[in-house]
Every structure is written in C-alpha cells, then in structure tokens.
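Heads up: the sequence shown at position 253 corresponds to 1328 in the numbering used here, and the numbers run straight through without jumps. In this text, a Cβ means the ideal position worked out from N, Cα and C, and glycines have one as well.
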Amino acid sequence: MTTTDIPTTAATVRPLSPQQRRMLEFIGGRTDSYYLMVEAFVLKGELDVAALRQAVLRVLDRHEVLRSGYPADQDGYRTIGSAAGLIDRIWTEAPGEGFDSADEALAAGLDTATRPMGLDDEPPLRMWLTRLNPAEAVLIVCGHHMVFDAWTFMLFYEDLAAEYRAVTTGGKPRRLPPQYADAQAPHDDRALDGWSTLFGRRYRETRALNAAAGTPKGPGAVHRRTWPGLSAGVVGAARRHSVTPFVIASVAMLQALADVLGDQEAVFGSAYAGRTTAASANALGYYSTTLFVGEDLGAHRSVDEIVASVGSGLKLWHHSARIQWEDLLARYDADDLYPVKFAFQPKELAERQLRLPGIETSRTSRKKANLSARRPVNLIGSYDADAVSVSMITRTDVLTDERAAALVDGFGRRLTALTEPDPAH
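Right, dumping it as structure tokens:
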C-alpha cells in the first residue's frame, strides 16, 4: 500500500508501476478475477462488528490506494471516492442464521467476495463478514494484486487491528509505516557487474525446467515438511557466518536444486519488497523489488565460501537501484531463469495474522479440487523458535512426485548440514 500527504482530487491521476502496467496488459481490460488474493479467518470471541466496520473505514481513509480505480482510458490510477462513500461497496455483512457451520459460511462468502472485480470504478478491496453466533464469526478479505501482496496484507492487518483497538478502547492511530518511495536505495555500479555474472551463467537444467512449463499454468501438487528443533541451528549458523537466516536457507536451496537437477549452477528468484520492519531486517537483511540468488557451487572450495558468496551477492542487491524483475531479466536476455521461487522468513511474517484485541483468530480456507501452479517450483519456508516448516507447490507436468519429494527432503537435509561447522575449516 502507498500513502501520501499530497492533497489529491478525483481528477488526479497517479502513474502505474511497470508491474501494474504488465498486469493490466495480461488482464486485457478492467474486469478481472484472476489476480484476486483472498484470505479467510474464523474469529472467536466477543467481536464488536460495528467497531470493526468503523476500523475498516479509518484504514480506507488512511490509504488513498485503497480508494482508487484504474480508468481504461488512462495510464494510471485515480481516487474514485471517499472512505465514507466507498465503505458500503467494500464491506458486506451477511446474516449468520442461514449457515450451519463455518465451512458453509466460508463457501458462501467466497462466492460473493471473489466475483469479478471492475478495476476501473471499483475499490480493490472487499470484505465479507458473518456472525455465526455471539462468539464466532467468519471474515473474508479479498484484495486485488494491483494493490495487495503478502506485505500489503500484513500492513493492512496491522492497521486494522490498531484502528479496532482505538475504536473499542481508545488510543492513537498507528504511525504510517515507511513507504516504498521513502527510502530508495542508492545506485551502485558494482551491482551491474554482479548481475552480469549472475545472469551470465548457463543454468542449463534450470532453463530446462522453464522450457518444460510450456503453458502459463499447469496442474499442481503441494509438499509439506516440518523439521522440529532446527530453528536454533539455522539462527546459530547465521550468527556464526555473520549473515541472516535467509542467506543460510538460500545456500541450502541452491544445494538441493543442484542435487536434484544434476547441475552445479543453480538459481532462484525470491520476491521481497523494498520495505522493512525490525523483524524482517533481522531475518533477511537485504531488500529490493526482487532478489535473484544464483551460484556455480562447483567453483567454491568450501561451504563457508558459498555462504560468503551468497551474502556478498545479496548486499549488491541491497545497494542497487530498484528494478522490476521482468525488466531485469529482459535486460540480460534471461527470461527463462525464474522457474524456481523461494522464500524463507520468520513464521510471524509468513502468516500475516490478523490480531484483534480479545479475539482468537485462525486462518481457514476452502480446499481446491484441482490445484494449479504457475512456476515449476515455489518453496515457501518459515521458522519459529523451534521448528522449520516448508510448503512447496510444484507443477506436476514439469516435476515428478519423486523429484519433488527429493527436492523438499534435500532442502531439509542440506539445511540441517549447514547448522554444523564446515569440516573444511
């Protein structure tokens, strides 16, 4: 989300980001359901529904982008109304008497919240709520990817919880978080040399994965693993190498890819926005619109060298100008180098939980009969004080179940090995 202190009117048109422009080109119009991002929660406790609606209104008033549309005849977005004028188009409250269970309410809410969205004259946010009984409610939050991503949802929930607290118990509004434009990283020419090396490798087997994915989407499968007791070792290894846990996990991912693909040149993309909190700074440490991590593992004499090289490469991203990943890959004729996506972060960042005071909140979802996937491999890892957990979605038309299992198990094995000192030293 982007906020601004500059006064605006409905006639003010703000420029699109390259990513937004490409998204609209892919949609081919202004009506879309493909890029709707949906999250659902069961809320248990004495929820003050009127206060929650008022909190939503305050958040709308706080963030102009949540009150904006994307006119078909203009290359930008503009405000389409005030918070008070749009709240009834965003907020839907359904009577709970008609539902026998939370699952039944979830299905009905999703059918309503995920209908095609008119981006030209409709706000990019929908919320649907029903109270099943005095102590249980179902809440669905639906945001369009033109505005919402994982980071945006996190900020939205933090703002919503703060405003709900202010409405119910009094208090000041939460300070606006740092915005993308507030802290642009300085340009560093060293990044250009680093990118030339990174994208100049052959990565034959990685490119073969991309070539095997001949369609934009394919059938998907989910592979989940949890390794109890591993978190302390990962954090300890990061401290020992003077890097962040993300660097340690990145090395494990590169090694696992090399093992399964049979190619010592391995690369993945990891989309992390150029915004930060104290928790994410300790966990990742390096920020850009997108990070690409790649190594020729065979060129290093020890694991310590690999860790140092990955850490050094990520620092170049941190000191480079912001750039969209599509532009970067096009610049280096490397459009086929993003079949693998990887993330690794603390559990509290990965879950993006809505924490309303006095309310027990749990996520819920409707199981998809036919899971589809875009990339051949998308591995999302998280860790808490004890365990490391991963959820990996793969395209079954590209990667067999056997190879997928070998990859996710190999990641755990390599990550475990990295918690031990390098025997070469």
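| Item | Value |
| --- | --- |
| Could you spell out the range, first to last residue, of the alpha helix (DSSP H) harbouring Gly1344? | From DSSP, Gly1344 is part of no alpha helix (DSSP H) but of the beta strand (DSSP E) over 1340-1345. |
| DSSP three-state label for Met1467, please. | strand |
| Could you check the C-alpha separation between Gly1485 and Glu1233 for me, to the nearest Å? | 36 Å |
| Nearest by alpha-carbon distance to Pro1199: which of Ala1237, Pro1303, Ile1162, Ala1354 is it? | Ile1162 |
| Considering Val1318, what are the terminal residues of the beta strand (DSSP E) in which it resides? | Run containing Val1318: none; DSSP gives neither H nor E here. |
| My assumption, with CB atoms under 8 Å, is that Pro1146 sits in contact with Arg1137. Please give the rounded CB distance. | Pro1146 to Arg1137, Cβ: 23 Å. No contact. |
| Among the residues of its own chain, which have a CB less than 6 Å from the CB of Thr1469, if the five just before and after it don't count? | Ala1296, Val1452, Ala1479 |
| Would you give the residue range spanned by the alpha helix (DSSP H) that Arg1089 belongs to? | Per DSSP, Arg1089 belongs to no alpha helix (DSSP H); it is in the beta strand (DSSP E), 1088-1090. |
| Is the beta carbon of Val1213 less than 7 Å from the beta carbon of Thr1205? | yes |
| Tell me, please, whether the segment 1456-1463 touches the segment 1411-1430 by the rule of three or more beta-carbon pairs shorter than 8 Å. | yes |
| Under a Cβ-count criterion, where at least 16 other Cβ atoms within 10 Å of its own Cβ denotes burial, should Asp1371 be classed as buried or exposed? | buried |
| From the DSSP output, which residues share a beta bridge with Asp1371? | Glu1340 |
| Who are the Cβ neighbours of Ala1210 in its own chain at under 8 Å, not counting the five residues just before and after it? | Lys1119, Gly1120, Glu1121 |
| So Pro1093 is in the alpha helix (DSSP H); what residue range does that whole segment cover? | 1093-1102 |
| Tell me whether Asp1410 is buried or exposed, calling it buried when 16 or more other Cβ atoms sit within 10 Å of its Cβ. | exposed |
| Beta carbon of Leu1482, beta carbon of Ala1331: below 7 Å? | yes |
| Can you tell me whether DSSP reads Val1473 as helix, strand or coil? | coil |
| Indicate the three-state DSSP secondary structure (helix, strand or coil) for Ala1401 in the structure shown. | Going by the sequence as given, residue 1401 is Glu instead of Ala. Glu1401: helix per DSSP, three-state reduction. |
| So who's on the other strand from Val1216, going by DSSP bridges? | Glu1114, Met1202 |
| Where does Gly1304 land, buried or exposed, given buried means 16+ other C-beta within 10 angstroms? | exposed |
| Tell me the DSSP bridge mates of Asp1107? | Met1192 |
| Counting only runs that start and end within the segment 1406-1461, where is the alpha helix (DSSP H) found for 4 or more residues in a row? | 1422-1426 |
| Thr1189 to Trp1392, Cα distance in whole Å? | 36 Å |
| Could you check whether Gly1144 and Asp1196 sit closer than 7 Å to each other, using their CB atoms as the reference points? | yes |
| Throw me the rounded Cβ distance for the His1220 and Met1098 pair, which I believe falls under 8 Å. | 7 Å |
| For Arg1449, which residues in the same chain have their Cβ closer than 7 Å to its Cβ, ignoring the five residues on either side in sequence? | Pro1291, Lys1292 |
| Determine the DSSP secondary structure at Leu1207, reduced to helix, strand or coil. | strand |
| Counting C-beta neighbours from all protein chains within 10 Å, is the total for Phe1116 16 or more, i.e. buried, or is it exposed? | buried |
| With a cut-off of 8 Å on the beta carbons, I'd call Ala1236 and Leu1429 a contact; round off their distance for me. | 7 Å |
| Can you name the start and end residues of the alpha helix (DSSP H) that Val1124 belongs to? | 1124-1137 |
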